[in-house]
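This report concerns only the one structure given below.
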Amino acid sequence: MPTTRHKIETYLNDAEKARLDELTRQLRLSRSELLRRLLMGQNLPDASDFVAWQGIRDVLKVNADLARLGNLFKLALDELEGGALTARLTTLAGEIAATQGELKAAAREIRSLVQPSRG
-10 MPTTRHKIET YLNDAEKARL DELTRQLRLS RSELLRRLLM GQNLPDASDF
40 VAWQGIRDVL KVNADLARLG NLFKLALDEL EGGALTARLT TLAGEIAATQ
90 GELKAAAREI RSLVQPSRG
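Residue 87 in my numbering sits at position 98 of the sequence shown, with consecutive numbering throughout.
The structure is reproduced here in structure tokens:
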């Protein structure tokens, strides 16, 4: 099936090409997509949004690590018989759960700042 798209060629000097490549890297768009959006007056993604979303992913990774650690503590508690160590592990497991809640709240707050509300 023939395409309805047209190939356009252009020439850039080294500085222009470097600027184009830098923008495509920052905005995570191909050269074609960047130029198409500029030509059609469409919005470009905000590079700072990528940083915020990466922050959310990092917070969620820490949260997952805390969940694994909490599960290991629960296993240790099940194997121990009373004593001061059990009490300390129980306290630590509670602190981990509280930290997980704080991390989830932080991720939600960052997401609300980055993601436009649907209304």
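A virtual CB, placed ideally from N, CA and C, is assigned to each residue, including glycine.
These numbers come from a predicted model, not from an experiment.
- Three or more Cβ pairs closer than 8 Å define a contact, and the stretch -9 to -2 falls short of that threshold against the stretch 52 to 65.
- Distance from the CA atom of Val51 to the CA atom of Ile45, rounded to whole angstroms, is 10 Å.
- The Cβ atoms of Leu92 and Val48 lie closer than 7 Å to each other.
- For Asn52, the uninterrupted alpha helix (DSSP H) segment begins and ends at Ala36 to Glu68.
- Within the model, the alpha-carbon separation for Trp42 versus Gln104 is close to 9 Å.
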